[in-house]
Each structure stands twice: as C-alpha cells, then as structure tokens.
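Residue numbers (my numbering): 775 to 1100.
The C-beta atom is built at its ideal place from N, Cα and C for all residues, glycine as well.
This structure is a prediction, so every number in the text was calculated from the model and none was measured.
Quick notes on the structure that follows.
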C-alpha cells in the first residue's frame, strides 16, 4: 500500500513537471490586447467624445486616433514555440519511476513481494499457463505442487481439482484437496478426502499428519494419536514435533485443563509447539494477543484459513491466560 502511494505521488509530480513547460514563463511585458478589446474601447471613446469639451475632448480624440492606427496595423500575437524536450524528459522520468517501483516493490503475483521471490512467482505463472494450455494431468500436478510449496493455496486447490476432473483416482490430488479443505476449516470434507487417500496410499506420511490434525481439532485425542503414530511409522520428517503433539494429546486425554495443555491440544498443530508458527502464523510476540476479545472471537469463530475451535468456557479462559503470557 505504501509503495502504491509513493508511486502515485511521484507520478503526479512527474505529470506536473511534464505539463509545466506548456504554461510558459511569464514575459516581462504583457501580450498586446486582442482586436475585440481594442474595438470595444474605441466604441466607448467615440460615445464619450460627444459629451466632452475642451482639453478632455482633445485627449479623448487623440486616444481614438491611437486606437484606429493600432487597429490598422493590428496583428494577432504569435504563438509560443513548443519545445518537446522538457516534456519528453519529464515523461521519461515518470516511466522510469513507474518501472522501478513495479520491478522492485509492487507485488504482482501470489507470494511475490520482494525481488528474491519474483523468480519463484514467474516460475509459478509459467507452470500455470502451461497447465491451462495443455490440460495434461502431469502439467496440472506440476503446477499444483509448486503452488502448494509456495503457499499459493488458491492456485493449488484449482490445480488439484482439475486433476481430479481428469483422473478421479489420483491419490496425490485427493490427499492435497483434503489438506486444503482442512486449511479452509471444512473439517468433515477434509476428513473424508484424507481417509480415502490414506486407504489408497498408507505410506504417505503427509496424509497421516493432517488426518491427525483434523481429529485433534475435533477433540478426538485417541484418533489423533493413532494417526500421528502412523505418520511416524511412515517416516515423516517432523518427528520431534509430532512426538510432542502425541505427548500433549495423551495429557489432554488424561484431563489436563491448564492453558498450555489446551494450547498444545488445540493450537500447536498449526501454530507450533512453541508458538513459533507453522501452517498458522507465529503467535509468540504477536501484538494481537494484547487484545483478548479479538483473540477470543478468532478462536471461536475462525478467520481466513483458521477454522473455529470449539472450547468450553474454562478451556477458553485458560487458553487466553496462557496466550497473554507468550
């Protein structure tokens, strides 16, 4: 937003500089009056002369003669010559500023906000164009995978849904659609897709991780533990994190009700065991935690990709107390 405002300000300044030469510089003497003005003055003087006498009449007649001579030799003022160079230079500055801001500051594609991300955004754009042009399953999968990696989830969902239209049995697409549904807070649909995917390919660790997350969000601690254990058996990379989640889920199953236990049971899946962020944003040091009412509304109603979390009054109070200390 700030970059856009800066660009607009610079654009208006450049436009002012470009148009300024057209106004011209003030000349030391005013332009000669137009013919219509001279004729009007002459007509007025001729009427006044009829009522004047003596010296005043002589002066008025002298002015009449002066005006008549001026009208006989009257020529319209010559137009100022137009110099295109200042205009071209000013417009060039505007164009260079616009290109510079577009190239280095203004976001243009999903996930693109800095120069280092622009190459990835261009790559994603190329994959998208190719997939839409060919419609081939392998091209759609390449687009979906890259969009998923770059967290351009809208594009990832579009790509994987197109895969399922062409190949409804594609397990990767079914699994990824389930994960994306989970991120959108549609837990029941996400669970159905992930159960189908894991039944077809039980060695896919990613599916077990998110299936466990779904169970955890629904308060089904034992099912979540079982899914996460399958994740560990499948060789999932986030072993330490998932082991911590399993420990916390077991603590919850045993009736733990303090704020940290509630957080680990219901929030750590997405926001990290230490509130360092993960699928969801970082919470540790997040200024929104200073507004408990806003946090409460987000937890209970959800926002964006975060689904609503069903908590009892005591659990919610304990969670808010815990979050306020992060």
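Since residue i is in the alpha helix (DSSP H), which residue starts that stretch and which ends it?
i, result
"residue 1011", "Per DSSP, residue 1011 belongs to no alpha helix (DSSP H) and is neither H nor E."
"residue 924", "Careful: residue 924 lies outside any alpha helix (DSSP H) and carries neither H nor E."
"residue 1059", "Taken as a continuous stretch (DSSP letters only), residue 1059 belongs to no alpha helix (DSSP H), as it is neither H nor E."
"residue 1048", "Looking at the DSSP string, residue 1048 is not in any alpha helix (DSSP H), and its letter there is neither H nor E."
"residue 1054", "Unbroken run through residue 1054: none, as it is neither H nor E."
"residue 1080", "No alpha helix (DSSP H) holds residue 1080; DSSP gives it neither H nor E."
"residue 831", "828-846"
"residue 952", "945-957"
"residue 825", "Residue 825 -> no alpha helix (DSSP H), and no H or E assigned at all."
To the nearest angstrom, report how far apart residue i and residue j are at their CA atoms.
i, j, result
"residue 821", "residue 812", "15 Å"
"residue 919", "residue 1066", "37 Å"
"residue 1068", "residue 1032", "21 Å"
"residue 800", "residue 859", "In this predicted model, residue 800 has a pLDDT of only 49, less than 50, meaning its place in the structure is not dependable; the value taken from the coordinates is given anyway. Distance between the alpha carbons of residue 800 and residue 859: 19 Å."
"residue 998", "residue 1010", "15 Å"
"residue 1041", "residue 786", "48 Å"
"residue 825", "residue 818", "12 Å"
"residue 1013", "residue 865", "59 Å"
"residue 1052", "residue 1002", "17 Å"
"residue 1104", "residue 1096", "This structure gives no information on residue 1104, because the portion of the chain shown stretches from 775 to 1100."
"residue 1075", "residue 972", "30 Å"
"residue 942", "residue 1077", "31 Å"
"residue 993", "residue 930", "28 Å"
"residue 1072", "residue 938", "33 Å"
"residue 917", "residue 900", "9 Å"
"residue 1098", "residue 1025", "22 Å"
"residue 1016", "residue 783", "51 Å"
"residue 1083", "residue 928", "23 Å"
"residue 977", "residue 970", "13 Å"
"residue 981", "residue 1100", "31 Å"
"residue 836", "residue 829", "11 Å"
"residue 833", "residue 862", "53 Å"
"residue 869", "residue 1088", "60 Å"
"residue 726", "residue 1085", "An answer regarding residue 726 cannot be provided, because it is not within the stretch 775 to 1100 covered by the chain."
With distances taken Cα to Cα, identify the nearest neighbour of residue i among the options.
i, options, result
"residue 960", "912, 984, 1051 and 1052", "984"
"residue 932", "923, 941, 902 and 942", "902"
"residue 995", "910, 953 and 1035", "1035"
"residue 921", "1071, 910 and 905", "905"
"residue 1062", "829, 1033 and 1094", "1094"
"residue 838", "944, 859 and 815", "815"
"residue 843", "863, 809 and 1074", "809"
"residue 1047", "834, 1023 and 929", "1023"
"residue 954", "1025, 943, 841 and 934", "934"
With residue i and residue j assumed to form a contact (beta carbons below 8 Å), what rounded beta-carbon distance in angstroms separates them?
i, j, result
"residue 987", "residue 1043", "5 Å"
"residue 967", "residue 951", "5 Å"
Within its chain, find whatever has a CB closer than 7 Å to the CB of residue i; leave out the 5 residues flanking it on each side and keep chain order.
i, result
"residue 1050", "1056 and 1058"
"residue 802", "Note that residue 802 has pLDDT 46, beneath the 50 cutoff, so the model's placement of it is unreliable and no number is given."
"residue 979", "1005, 1008, 1009 and 1010"
"residue 1054", "1044, 1045 and 1080"
"residue 974", "945"
"residue 831", "823"
"residue 1092", "1031, 1032, 1033 and 1036"
If I measure Cβ to Cβ from residue i and keep anything under 8 Å in the same chain, skipping five residues before and after, which residues do I get?
i, result
"residue 885", "Residue placement at residue 885 is flagged as unreliable, the pLDDT there being 45, under the threshold of 50; the coordinate-derived value follows with that caveat. Within the same chain, residue 885 has close Cβ partners 891, 894, 895, 898, 924, 925 and 926."
"residue 940", "909, 911 and 914"
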